[in-house]
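Q: First the structure, then my questions, so here it is.
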Amino acid sequence: MTDKVARRGFLVGGLGGAALLAAGCTSNEPSAAPAASAPAPAPSAGGNDQPGTKVTIGFSAPAADHGWIAAIAKNAEAAAKQYPDIDFKPVEPTNDINQQISAVESLVAAKVAALVILPNDGQQLNQVALQATQAGIPVVNLDRVFPDKLAYRTWIGGDNYGMGVAAGHYIGKKLKDKGVTNPVIVEIQGIATLPLTQDRSKGFADALKTYGFSVTAKQDAKFTVETGNQVATSLLQAHKKIDALWNHDDDQGIGVLAAIKEAGRKEFFMVGGAGSLNAMKEIQSGSSVLEATVTYSPTMASSAIKLARLIAQGKGMSDLVENQVPQSITLASETITKENVEKYLPLGFES
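Note that the sequence shown covers residues 0 to 350 in numbering that gives the first Met the number 0.
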């Protein structure tokens with residue numbers, strides 16, 4: 000798989016209200032699971048949410064073979080349905096680069112008013128996004144960024160480095176508070192070669208460093224349940240005592256948790272990544288080693304549709320002074336624990 004990310008945030012009451020609420024994914028490698036997504040927030044009564052010029056918004060994303068990606072598509076569709084002035088035009092989702100390029104080209108040929116694209120690979124789809132922009136069609140680049148800023152009008156996505164920072168602070172503070180001086184900290188990544196994974200690991204290491212800690216061992220699990228199980232089993236066998244574990248992705252975390260339960264290990268605590276519904280319920284139970292997860296939510300797709308609508312209609316975000324929608328929006332990574340999990344449950348996606 001190519002540059003896949005994982006994910007967070009949506010705009011409450013429509014982007015006209017510009018109230019940003021960050022929520023929780025993560026990655027997106029296939030783990031073949033059904034997905035549930037949070038319902039798109041209903042538009043508020045006034046401002047930019049009032050019906051305007053009818054606009055056709057094209058949408059292209061990878062195939063829904065992973066809980067987070069499936070929720071991306073559902074959130075985009077749900078947000079579009081909130082507005083009678085949006086004609087939503089999604090193309091067939093695919094993990095084939097050439098097929099996605101052809102699908103986007105068909106939307107350009109159809110002269111849609113705006114395009115929302117979550118590319119399988121930002122580098123490889125950069126040229127077709129440039130073509131759309133040059134044809135006068137504003138592109139909202141969702142999450143996996145195009146390298147050429149001329150290829151998109153606005154980018155919106157999650158903060159991978161921030162995910163690592165949030166996880167690192169949760170683990171570092173808890174270990175410090177417990178008086179642990181030389182902890183064994185294990186990290187299970189998604190795909191080690193991806194920039195998004197490297198950003199997450201760097202944020203984690205940087206945050207841990209502020210407590211005088213470092214990662215003892217790390218291994219990537221490819222964003223799949225099966226590999227998550229295999230990698231966790233191997234790490235548990237290699238380390239007879241662990242103090243804390245950070246797993247980058249809640250989808251692969253299903254396999255990680257299964258391995259932990261199979262091994263009967265309970266001496267450590269675990270932090271997840273993304274904010275899946277499965278992870279939230281584990282946290283809510285209070286009986287799992289999984290104590291927290293840091294968010295990267297597919298609800299960002301709802302925000303992307305709202306942004307595309309505003310841009311196509313020539314509107315800005317009404318809570319901002321500026322007349323135009325910002326060029327870039329990075330959503331924060333929040334930490335979900337047993338104390339605040341109920342607030343986040345409606346935003347969870349099923350792995």
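All C-beta atoms in this analysis are idealised placements derived from N, C-alpha and C, irrespective of residue type, glycine included.
Pull up the distance between the alpha-carbon of Leu129 and that of Gln326, whole angstroms please.
A: When rounded, the distance between both Cα atoms is 16 Å.
Q: Checking 9 Å against the spacing of the C-beta atoms, do Gln218 and Ile187 come in under that value?
A: Closer than 9 Å, so yes.
Q: What's the call for Ala273, buried or exposed, on a 16-neighbour Cβ count within 10 Å?
A: Ala273 comes out buried.
Q: Are the beta-carbon atoms of Thr153 and Leu306 separated by less than 9 Å?
A: Against a cut-off of 9 Å, the Cβ pair of Leu306 and Thr153 comes out as a contact.
Q: Kindly indicate which three-state DSSP category Gly274 falls into: helix, strand or coil?
A: Note: Gly274 maps to coil in three-state DSSP.
Q: Please name the residue, chosen from Asn74, Pro92, Ile85, Val54, that lies closest to Ala62 on a Cα-to-Cα basis.
A: Residue Pro92 is the option with its Cα nearest to Ala62.
Q: So for Phe203, helix, strand or coil by DSSP?
A: In the structure shown, Phe203 sits in a helix (DSSP, three-state: H, G or I).
Q: Could you tell me the alpha carbon to alpha carbon distance between Thr292 and Ala243, rounded to whole angstroms?
A: When rounded, the distance between both Cα atoms is 13 Å.
Q: Taking only runs of the beta strand (DSSP E) that begin and end inside the stretch 40-98, which ones reach a length of at least 3 residues, in chain order?
A: Correct list: 54-59, 85-89.
Q: Going by Cα to Cα distance, which pick from Asp249, Tyr82, Lys221, Gly263 is closest to Ile241?
A: Ranking the options by Cα distance to Ile241, first place goes to Gly263.
Q: Within the chosen definition, does the stretch 252-270 reach the stretch 218-231 through at least 3 CB pairs nearer than 8 Å?
A: In short, these stretches touch, since the Cβ pair count reaches three.
Q: Going straight from the alpha carbon of Val107 to that of Thr329, what length do you get?
A: Each residue's Cα considered, the two are about 26 Å apart.
Q: Please look up how many angstroms separate the CB atoms of Val138 and Leu117, rounded, as I've assumed it's under 8 Å.
A: Actually they do not touch by this definition, with Cβ atoms about 11 Å apart.
Q: Output the residue ranges of the alpha helix (DSSP H) runs that lie fully inside the stretch 232-302 and measure 4 residues or longer, sorted by chain position.
A: DSSP runs (the alpha helix (DSSP H)) wholly in the stretch 232-302: 249-262, 276-284.
Q: Would you check if the distance between the CB atom of Ile96 and the CB atom of Asn119 is smaller than 9 Å?
A: It is a contact, given that the beta carbons lie within the stated cut-off.
Q: May I ask you to report which of helix, strand or coil DSSP gives Glu338?
A: In this structure, Glu338 counts as coil in the three-state DSSP scheme.
Q: To the nearest angstrom, how far is it from the Cα of Ser302 to the Cα of Val144?
A: Rounded to whole angstroms, Ser302 to Val144 spans 16 Å at the Cα level.
Q: Would you check if the distance between the CB atom of Met299 and the CB atom of Leu344 is smaller than 9 Å?
A: Not a contact, by the Cβ cut-off of 9 Å.
Q: Can you tell me which of Lys221, Val214, Thr223, Thr232 puts its alpha carbon nearest to the alpha carbon of Trp245?
A: Cα-wise, what sits closest to Trp245 is Val214.
Q: What's the C-alpha gap between Ser317 and Gly161?
A: Going by the C-alpha atoms only, they are around 27 Å apart.
Q: Please name the residue, chosen from Lys172, Ile304, Asp248, Gln98, that lies closest to Ala220 on a Cα-to-Cα basis.
A: Looking at the Cα atoms, Asp248 is the closest of the given residues.
Q: Could you give the distance in angstroms between the alpha-carbon of Gly46 and the alpha-carbon of Val324?
A: Their Cα atoms are separated by approximately 15 Å.
Q: Taking the alpha carbon of Gln251 as the reference point, which residue from Glu266, Ser233, Thr223 has its own alpha carbon closest?
A: Taking only the C-alpha atoms, the option nearest Gln251 is Thr223.
Q: Considering Cα atoms alone, identify which of Asn277, Ala102, Thr232 is closest to Lys260.
A: The shortest C-alpha separation from Lys260 is found at Thr232.
Q: Spatial neighbours of Val127 within its chain, please: C-beta separation below 7 Å, excluding the five flanking residues on both sides.
A: Here the set comprises Ile100, Val103, Glu104.
Q: For the alpha helix (DSSP H) that Leu138 lies in, which residues bound it at each end?
A: Checking the sequence, you will find Val at residue 138 rather than Leu. Looking at the DSSP string, Val138 is not in any alpha helix (DSSP H); the run it does join, the beta strand (DSSP E), is 138-141.
Q: Expressed to the nearest angstrom, what Euclidean distance is found between the alpha-carbon atoms of Ile190 and Asn125?
A: Their Cα atoms are separated by approximately 22 Å.
Q: What's the call for Gly347, buried or exposed, on a 16-neighbour Cβ count within 10 Å?
A: It is buried - the Cβ of Gly347 has at least 16 other Cβ atoms within 10 Å.
Q: Mapping the DSSP letters down to three states, classify Ser105 as helix, strand or coil.
A: Looking at Ser105 - three-state DSSP - the assignment turns out to be helix.
Q: Just to confirm, is the Cβ distance from Gly171 to Ser200 under 9 Å?
A: Cβ distance not < 9 Å, so Gly171 and Ser200 don't count as in contact.
Q: Answer yes or no: do Leu207 and Ile184 have a C-beta to C-beta separation smaller than 9 Å?
A: Yes, the Cβ-Cβ distance between Leu207 and Ile184 is below 9 Å.
Q: When we look at the beta-carbon of Asn277 and count the other beta-carbons within 10 Å, is it buried (16 or more) or exposed?
A: With 16 or more Cβ atoms within 10 Å of its Cβ, Asn277 is classed as buried.
Q: For Ala75, count neighbouring C-beta atoms within 10 Å of its own C-beta (all shown protein chains included) and say buried if the count is 16 or more, exposed if not.
A: Classification for Ala75: buried.
Q: Looking at the secondary structure, which residues open and close the beta strand (DSSP E) in which Ile170 lies?
A: Taken as a continuous stretch (DSSP letters only), Ile170 belongs to no beta strand (DSSP E), being part of the alpha helix (DSSP H) at 159-176.
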